[in-house]
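Take a look at the structure set out below.
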Amino acid sequence: MNVQPHARSRSRLQVRALVVLTLVTSLIGIGAGTALAKPMGCPPDPAFSYSNVAASHIAGVPYAQGGPGETIGSSLTAGITVTAQMTGSYSGGVSVVVANAQYQVSASLAVALTAAVTYSDTFPIPLTVHQGYLDAGASSDHMAWSHGSYNQGCVWIVNGSGYLNAPYHLPAFWHWTS
Numbered sequence: 004m005n006v007q008p009h010a011r012s013r014s015r016l017q018v019r020a021l022v023v024l025t026l027v028t029s030l031i032g033i034g035a036g037t038a039l040a041k042p043m044g045c046p047p048d049p050a051f052s053y054s055n056v057a058a059s060h061i062a063g064v065p066y067a068q069g070g071p072g073e074t075i076g077s078s079l080t081a082g083i084t085v086t087a088q089m090t091g092s093y094s095g096g097v098s099v100v101v102a103n104a105q106y107q108v109s110a111s112l113a114v115a116l117t118a119a120v121t122y123s124d125t126f127p128i129p130l131t132v133h134q135g136y137l138d139a140g141a142s143s144d145h146m147a148w149s150h151g152s153y154n155q156g157c158v159w160i161v162n163g164s165g166y167l168n169a170p171y172h173l174p175a176f177w178h179w180t181s
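Residue numbering for the sequence shown follows the working numbering, beginning at 4 and increasing consecutively.
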């Protein structure tokens, strides 16, 4: 068997080329991983962000209305359910948006509240107004929500947003005049 020396072993040039190729491949792999990672100063992804939280109401029944000097009434009967209202869409649905809001806003929010007994209230309309109104339902928190993540430049990228009005106390009665 006649084997040429350069066929049995690699030349120094081939070894150097192999080392350089391996090193470049490793650096590209490391570089690709580093390019996808967030810089150390980026905040952690909260997934959801909530803002402009304000007290509100969710009606459970149609409001009552009357003129000056009248007394109007409204009631929530046992078994009536008041549910959270949400605009925008999220694949997890309103229950996931409410659960995350409850945690981040530090409130006892619910997707739905059901009256265990019948509650009622009345409102005497002052003579000095044109109309009086009485509504019944649940106290709630109204807020803007968004879902997303931080990109490599620490910029929040939104992939879903809307408004949430989630109940936390049933019954609630409120009145207003015009």
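Ideal Cβ positions, reconstructed from N, Cα and C, are used throughout, including at glycine.
Closest residue to residue i among the options (Cα-Cα distance)
i, options, result
"P71", "A87, F126 and Q155", "F126"
"S164", "S111, A104, S92 and A175", "S92"
"M89", "L79, M43, S78 and A102", "A102"
"A169", "F176, Q105 and N162", "Q105"
"N162", "F51, G44 and M43", "F51"
"L137", "T121, V56 and E73", "E73"
Classification of residue i by the beta-carbon crowding that lies within 10 angstroms, buried from 16 upward
i, result
"I130", "First, the amino acid is wrong: residue 130 is Leu here, not Ile. Exposed, since its Cβ has fewer than 16 Cβ neighbours within 10 Å."
"A58", "exposed"
"S181", "exposed"
"S94", "exposed"
"D48", "exposed"
"S29", "Bear in mind that the predicted position of S29 carries a pLDDT of just 35, short of 50, making it too unreliable to give a figure here."
"P8", "Below a pLDDT of 50, predicted positions are generally treated as unreliable, and P8, at 42, falls in that range; no measurement from the model is reported."
"V3", "Only positions 4 to 181 of the chain appear in the structure, and residue 3 is not among them; the question remains open."
"M43", "exposed"
Assumed close pair residue i, residue j - CB separation to whole angstroms, cut-off 8 Å
i, j, result
"W148", "L167", "5 Å"
"Y171", "L112", "5 Å"
"D144", "A110", "6 Å"
"G69", "A139", "G69 to A139, Cβ: 15 Å. No contact."
Cα-Cα separation between residue i and residue j, rounded to whole angstroms
i, j, result
"S142", "L116", "10 Å"
"Q107", "A87", "17 Å"
"V85", "P46", "36 Å"
"W159", "H150", "9 Å"
"S123", "I83", "13 Å"
"L24", "Q155", "Low per-residue confidence applies at L24: pLDDT is 35, beneath 50, and the placement is therefore not dependable, though the value from the model is reported in the following sentence. For L24 and Q155, the distance between alpha carbons rounds to 28 Å."
"I128", "S78", "17 Å"
"I75", "V114", "30 Å"
Extent of the continuous beta strand (DSSP E) run through residue i
i, result
"S142", "G135 to Y153"
"G206", "Summary: the structure shown does not reach residue 206, with the chain confined to residues 4 through 181, and so no result is reported for it."
Extent of the continuous alpha helix (DSSP H) to which residue i belongs
i, result
"Y66", "Segment: none, Y66 is in no alpha helix (DSSP H) and carries neither H nor E."
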